[in-house]
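Number of protein chains: 4
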Amino acid sequence: MLNTVIIGASGYTGAELAKMVSRHPQLTLTGLYVSATSLDANKPLSELHGQLKGMVDLPLQPLTDLKTTAAAADIVLLATAHEVSHDIAAEFLDAGCQVFDLSGAFRVKADGFYQQYYGFEHQYGQWLDNAVYGLAEWNQADIAQAQLIAVPGCYPTASQLALKPLVVAGLLDCQQWPVINAVSGVSGAGRKASMTNSFCEVSLQAYGLFTHRHQPEISHHLNCDVIFTPHLGNFKRGILATITAKLAPGVTADDVTAAMEAAYSNATDQHAVRLLNNNTAQLDNVVGSCFCDIGWQVQGEHIILTAAIDNLLKGASSQAMQCINIRNGFPQLTALV
Amino acid sequence: MLNTVIIGASGYTGAELAKMVSRHPQLTLTGLYVSATSLDANKPLSELHGQLKGMVDLPLQPLTDLKTTAAAADIVLLATAHEVSHDIAAEFLDAGCQVFDLSGAFRVKADGFYQQYYGFEHQYGQWLDNAVYGLAEWNQADIAQAQLIAVPGCYPTASQLALKPLVVAGLLDCQQWPVINAVSGVSGAGRKASMTNSFCEVSLQAYGLFTHRHQPEISHHLNCDVIFTPHLGNFKRGILATITAKLAPGVTADDVTAAMEAAYSNATDQHAVRLLNNNTAQLDNVVGSCFCDIGWQVQGEHIILTAAIDNLLKGASSQAMQCINIRNGFPQLTALV
Amino acid sequence: MLNTVIIGASGYTGAELAKMVSRHPQLTLTGLYVSATSLDANKPLSELHGQLKGMVDLPLQPLTDLKTTAAAADIVLLATAHEVSHDIAAEFLDAGCQVFDLSGAFRVKADGFYQQYYGFEHQYGQWLDNAVYGLAEWNQADIAQAQLIAVPGCYPTASQLALKPLVVAGLLDCQQWPVINAVSGVSGAGRKASMTNSFCEVSLQAYGLFTHRHQPEISHHLNCDVIFTPHLGNFKRGILATITAKLAPGVTADDVTAAMEAAYSNATDQHAVRLLNNNTAQLDNVVGSCFCDIGWQVQGEHIILTAAIDNLLKGASSQAMQCINIRNGFPQLTALV
Amino acid sequence: MLNTVIIGASGYTGAELAKMVSRHPQLTLTGLYVSATSLDANKPLSELHGQLKGMVDLPLQPLTDLKTTAAAADIVLLATAHEVSHDIAAEFLDAGCQVFDLSGAFRVKADGFYQQYYGFEHQYGQWLDNAVYGLAEWNQADIAQAQLIAVPGCYPTASQLALKPLVVAGLLDCQQWPVINAVSGVSGAGRKASMTNSFCEVSLQAYGLFTHRHQPEISHHLNCDVIFTPHLGNFKRGILATITAKLAPGVTADDVTAAMEAAYSNATDQHAVRLLNNNTAQLDNVVGSCFCDIGWQVQGEHIILTAAIDNLLKGASSQAMQCINIRNGFPQLTALV
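Below, the structure is given as structure tokens:
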């Protein structure tokens with residue numbers, strides 16, 4: 001049994017992680033932590049997330065002593081703000097813990113990236129270099145060896161799982177940037193009070209045009225420039241991405257199907273992608289599940305792909321758990337289906 | 001043309017009032033005010049409420065000089081917090097303005113009521129005595145003469161419009177307290193950031209069991225004790241009240257129908273109630289409208305009534321406008337249909 | 001391993017049952033059936049319910065040969081219409097199968113009940129007499145011995161779990177009928193095309209005033225007359241019941257708490273009720289889970305209780321699975337948490 | 001006063017039209033018609049659309065005698081199926097009525113279009129030639145003279161209002177097809193029972209990839225090929241279109257702004273477009289209103305535009321009313337604001 005702690009456990013992804021760890025046959029949930037100043041400190045997690053009552057009633061502890069916490073942990077899940085992950089990850093890594101970071105702090109190894117998109121200078125270049133990007137279906141071998149896994153963002157997960165088979169197989173004309181339109185549930189903004197998230201103010205709309213930090217994350221890992229436009233949807237959970245792209249000259253619908261099937265075999269215990277081929281992905285089919293549904297259609301030189309995930313699960317918590325499973329040699333979807 | 005100002009114009013009821021006043025052929029919207037410290041001061045109202053763009057682009061002014069504001073106004077709409085209405089109403093009244101207060105500050109003339117339910121001692125007993133309760137369908141004669149009209153709360157409007165015809169006609173057995181269950185849209189909580197109103201936290205639930213301040217407002221004006229249980233619903237606007245009550249001995253379904261029809265004639269230009277008789281009220285039929293729909297069913301000695309209103313309109317703004325129309329001799333639904 | 005078949009597997013409860021049976025360590029899902037004339041025959045279940053793709057891809061077979069189907073099954077789940085359950089249950093029972101019926105066909109042993117509320121004369125009086133009402137928390141000993149278990153309706157489950165501890169302990173004044181207001185998600189109406197269920201027509205409203213067939217089911221099993229008013233809510237899943245009742249003379253809040261805690265111990269592996277005491281039940285805390293959350297508040301001689309369940313789970317499928325577990329000596333929440 | 005009849009009045013656009021005509025100072029609503037075989041015949045419109053109670057209680061008449069109906073009408077609104085509009089329009093036109101057709105039957109003058117996209121051969125080539133496309137902001141002069149106005153579809157209205165200023169000013173590189181992603185409320189599918197529209201089945205998803213008949217309508221009238229991907233959203237009303245396009249070489253953000261402002265002056269009584277410039281369009285700001293909100297952002301050679309309308313209003317009924325107003329010399333937004 002591996003001792004597992006969750007830092008930043010009060011939010012929506014923290015709650016999902018706590019549920020999964022509790023249910024995992026090889027993990028023991030040994031600690032839930034919030035920042036030392038949090039008003040939620042010492043409350044049972046189930047007081048904040050009523051659906052966990054009777055399932056995860058462990059209290060949220062204030063994170064006051066990193067060293068002691070690190071010493072007692074085998075696995076550390078960071079469901080913290082980017083800056084916090086950046087600041088504390090090294091302490092856990094130095095203590096030998098496996099660290100799975102759900103923030104953006106270790107995702108992109110590109111000069112000036114953190115200054116430009118996250119507003120801080122990265123201080124842990126070594127760990128950034130060693131971090132493995134936890135896109136579970138694509139980096140399995142590296143994840144199995146890594147000490148620090150940077151779990152991808154929610155939009156990048158949906159977008160890359162759909163596009164990567166085409167890019168890798170050379171089927172895409174990346175000169176004409178793929179257009180990614182994606183709609184996310186409000187939980188993507190985290191658990192907090194704000195006018196933007198206020199029930200009566202939520203209304204379907206685009207935001208962050210040309211400037212969202214997930215655009216460079218996608219382009220960097222895909223090695224293909226994209227235009228990415230996120231939208232806020234009037235629902236709690238889920239992401240639907242609709243992607244329009246130009247195929248390389250001569251590419252046929254059959255080429256696309258072959259590339260997709262090669263990338264994602266049908267055995268769903270080895271990965272969490274479900275291919276729909278000529279169907280389109282539907283949000284409600286993936287909400288509450290660890291799967292990414294991908295559909296597509298080709299006409300002439302154009303392709304439209306649709307991809308749907310639960311933003312809190314495959315877009316965060318369940319993908320982190322997939323990485324834990326890969327890293328520790330457990331069946332990949334343990335505690336997930 | 002009557003100069004009309006709205007104090008507390010930044011909220012949801014303020015926005016609705018601004019739209020109505022702009023559209024009213026005998027009123028001129030001469031000022032929109034927010035508290036002097038509001039961050040919204042000097043913004044056009046349509047910047048906060050995008051649906052008003054091109055319709056009400058007037059800026060929100062900080063309310064710094066009550067006297068000057070009062071001197072220039074014929075009609076004052078107070079869409080302010082209870083304490084603010086309490087504190088500033090007299091200034092406008094003393095200047096001779098007609099004051100329509102949408103807060104609870106002048107609704108109930110009962111000893112100790114404000115201390116117990118609103119947490120402050122009422123300082124304006126004289127004005128409280130003179131205030132007329134603006135339940136438009138029932139206090140028409142008094143409203144037509146009053147200088148200060150206390151517009152009823154949203155839950156009390158739906159509840160009283162359904163029950164009052166029965167109480168007045170002596171058809172109810174008030175010994176067994178009527179049970180009022182009502183579900184309100186989230187806008188009833190006002191325009192503000194809070195965890196309770198946060199999109200992902202909103203979930204159908206009862207609140208304020210036995211303690212909501214609308215319970216004594218209903219009981220007081222109805223002259224019949226009630227058990228009132230409000231609920232938060234997962235929608236933006238509207239209130240649906242379901243009321244279960246015991247009829248007085250010997251009362252028949254026909255007696256009820258006669259009482260209802262006597263109270264609310266069919267001419268919908270004289271009032272804003274629509275009788276459904278054997279049908280049940282549906283929320284979406286009244287959202288966006290000034291009407292209260294009322295249905296009922298009798299079985300043996302029991303009656304179940306359903307009443308639906310738009311909480312921001314008949315439960316607040318359009319009822320205020322009905323009162324303005326009554327007070328000034330305009331057709332009652334001017335600017336409302 | 002027990003061979004388990006689901007009859008009427010194409011609907012929402014059927015899909016939930018299929019997921020649970022697949023996941024259960026002691027059950028094998030050996031057949032999914034629909035009526036011989038169904039257009040869904042021969043389709044994989046996951047074609048109708050996309051969320052099951054990769055999890056339950058078994059095809060829906062037309063039910064043409066009852067005897068053969070019965071001979072091969074240990075456990076039969078009837079997720080069929082009331083009339084169908086009534087007609088076919090005996091065939092499975094005679095073959096020695098355990099039958100768990102989710103319809104209303106065997107729930108109420110009262111003269112004339114089926115004629116009045118279901119429109120047919122019951123032909124299987126013997127089996128009706130032998131049927132055990134599957135309210136899992138209350139009839140555990142009988143369920144453990146029964147061959148035919150009539151799983152309760154969704155509204156009755158929420159209502160009875162909240163009221164039964166009080167009735168059994170003699171704390172309620174049943175002379176004054178408890179008032180049950182409950183709001184259900186649209187899935188309660190089943191998987192079918194109708195104007196009533198059409199997305200744009202759904203709007204919060206009461207229905208079936210004084211006439212819903214769940215009223216006599218509740219009154220019968222509770223042994224206390226009630227007034228039950230169901231509502232259609234603007235959401236897919238879940239039921240919230242708000243119950244207002246009069247306590248017997250002298251009953252205190254402490255008496256109520258004691259009765260509740262006696263009825264539902266804290267060990268949530270023995271039952272599926274979570275007591276909230278002074279909190280109110282929230283819909284989203286139970287959607288997707290097998291739990292019933294119950295809160296209450298006492299004031300003077302009145303009590304208000306709130307109870308929330310997932311209508312498709314504790315109100316149907318997961319309660320059926322609880323009954324299977326009880327009947328076969330498995331831990332009660334196997335495959336449910 | 002002009003006698004106005006609505007054919008196909010039972011649907012959602014019919015109901016909106018009835019409300020507008022009733023409220024219009026120069027129109028008299030003289031008849032509401034449904035097909036002779038409709039089950040809704042002889043019901044008051046407000047029985048189908050409860051929100052119209054007390055406002056439009058006129059009965060729905062079966063359309064049995066086209067000639068008599070035509071003879072008594074000055075203005076005819078066809079809210080009928082495409083085939084029905086195609087079949088009956090000529091009868092009204094020959095009788096001298098002004099005809100405003102909300103179907104697709106007279107929108108596109110291109111060989112083979114109706115056979116390919118609507119499945120019927122067009123029989124009224126002459127009237128098709130004479131029909132004016134009722135995109136109110138762009139075809140004002142022609143609309144003012146026309147006898148037959150083909151009111152545009154909902155998606156085409158949002159898409160064209162956003163793109164047309166750029167195409168007309170030559171600012172777009174149409175070689176790289178603009179990508180239009182649009183999400184529509186469920187009311188766009190009409191008032192009918194179907195599994196697709198069933199409340200529990202509705203889930204955000206793309207549909208009609210590469211094949212929706214609004215794609216050629218947009219391309220034809222815009223004179224620029226586009227890739228159009230419609231989506232079904234989990235809400236009743238509204239359309240949000242997000243459009244990604246490539247600008248012609250050397251075009252700047254200022255050029256775009258100038259073209260937009262030239263196309264849509266600020267005087268909102270002359271048209272129904274509201275320019276948001278650097279803001280993005282939000283669905284809820286236009287639901288229930290006659291306006292189209294348009295925002296945009298330029299980066300390098302790319303532009304992203306967002307456009308929002310109420311699909312039943314600017315996407316159908318209120319645009320038809322704008323056309324009536326233009327055709328008859330009334331202020332353009334009469335009965336609309």
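Chains as they are written, first to last, in UniProt numbering: chain A, 1 to 337; chain B, 1 to 337; chain C, 1 to 337; chain D, 1 to 337. Where is the CB? At the ideal position from N, CA and C, for every residue including glycine. Since we're looking at a predicted model, the values are computed, not measured.
Could you work out which residues of chain B lie near residue i, taking near to mean beta carbons separated by less than 7 Å?
| i | result |
| --- | --- |
| N197(A) | S198 and F199 |
Report the neighbours of residue i on chain A: residues whose CB is nearer than 9 Å to its CB, in chain order.
| i | result |
| --- | --- |
| V183(D) | V183, L204, H231 and G233 |
| A9(B) | Residues of chain A passing the Cβ test: none, with the nearest at roughly 17 Å. |
Would you mind stating whether residue i and residue j have Cβ atoms separated by less than 8 Å?
| i | j | result |
| --- | --- | --- |
| G315(A) | I309(A) | yes |
| Y133(B) | A150(B) | yes |
| I88(A) | L27(A) | no |
| T280(A) | Q205(D) | yes |
| P152(A) | L163(A) | no |
| L276(B) | D293(B) | yes |
| L29(B) | L58(B) | yes |
| residue 378(A) | V99(A) | The requested residue 378(A) does not occur in the structure, where chain A is confined to residues 1 to 337. |
Just checking my contact of residue i with residue j at CB under 8 Å: how many whole Å lie between their CB atoms?
| i | j | result |
| --- | --- | --- |
| P230(D) | Y207(D) | 6 Å |
| I218(D) | Q175(D) | Going by Cβ atoms, the distance from I218(D) to Q175(D) rounds to 17 Å, so no, they are not a contact pair. |
| G233(B) | G185(B) | 6 Å |
| A272(C) | P165(C) | Their Cβ separation, rounded to whole angstroms, is 15 Å, which puts A272(C) and P165(C) out of contact at 8 Å. |
| L102(B) | W127(B) | Between W127(B) and L102(B) the Cβ distance is about 16 Å, and since that is not below 8 Å, they are no contact. |
| P44(D) | F113(D) | Between F113(D) and P44(D) the Cβ distance is about 39 Å, and since that is not below 8 Å, they are no contact. |
| D129(A) | L247(A) | No, D129(A) and L247(A) are not in contact; Cβ-Cβ is about 35 Å, not under 8 Å. |
| L240(B) | A146(B) | So it is not a contact: roughly 30 Å between Cβ atoms. |
| G119(B) | G288(D) | About 37 Å; that fails the 8 Å criterion. |
Taking the straight line between their C-alpha atoms, what separation do you get for residue i and residue j?
| i | j | result |
| --- | --- | --- |
| T157(A) | N139(A) | 13 Å |
| A9(A) | D40(C) | 44 Å |
| W296(C) | A95(C) | 45 Å |
| A136(D) | Q270(D) | 10 Å |
| D65(B) | L32(B) | 13 Å |
| Y12(B) | L312(B) | 7 Å |
| D142(D) | L333(D) | 18 Å |
| I180(C) | H82(A) | 48 Å |
| T242(C) | S203(C) | 19 Å |
| L17(C) | T252(A) | 41 Å |
| I227(D) | L209(A) | 20 Å |
| V5(B) | M20(A) | 56 Å |
| C290(B) | D111(B) | 33 Å |
| A169(D) | Q115(A) | 39 Å |
Which chain B residues sit within Cβ distance under 9 Å of residue i?
| i | result |
| --- | --- |
| N285(D) | H49, G50, Q51, L52 and K53 |
| R237(D) | The premise fails here: R237(D) is roughly 11 Å from chain B at the closest Cβ pair, so nothing lies under 9 Å. |
Which residues in chain C sit within 7 Å of residue i, going by Cβ to Cβ distance?
| i | result |
| --- | --- |
| Y264(B) | The premise fails here: Y264(B) is roughly 20 Å from chain C at the closest Cβ pair, so nothing lies under 7 Å. |
| K67(D) | Chain C residues near K67(D): none, gap ~33 Å exceeds 7 Å. |
For residue i, which residues in chain F fall below 7 Å Cβ to Cβ?
| i | result |
| --- | --- |
| Q299(C) | Considering every chain present, this structure includes no chain F. Its protein chains are A, B, C and D. |
Query raised in the report: Is the region 322 to 336 of chain C touching the region 299 to 314 of chain D, taking contact as three or more C-beta pairs under 8 Å?
Result: Three or more Cβ pairs closer than 8 Å define a contact, and the region 322 to 336 of chain C falls short of that threshold against the region 299 to 314 of chain D.
Requested in this report: Evaluate the contact criterion for the region 188 to 202 of chain B versus the region 191 to 199 of chain A: three or more CB pairs, one atom per stretch, below 8 Å.
Outcome: Because the criterion of three Cβ pairs below 8 Å is met, the region 188 to 202 of chain B and the region 191 to 199 of chain A touch.
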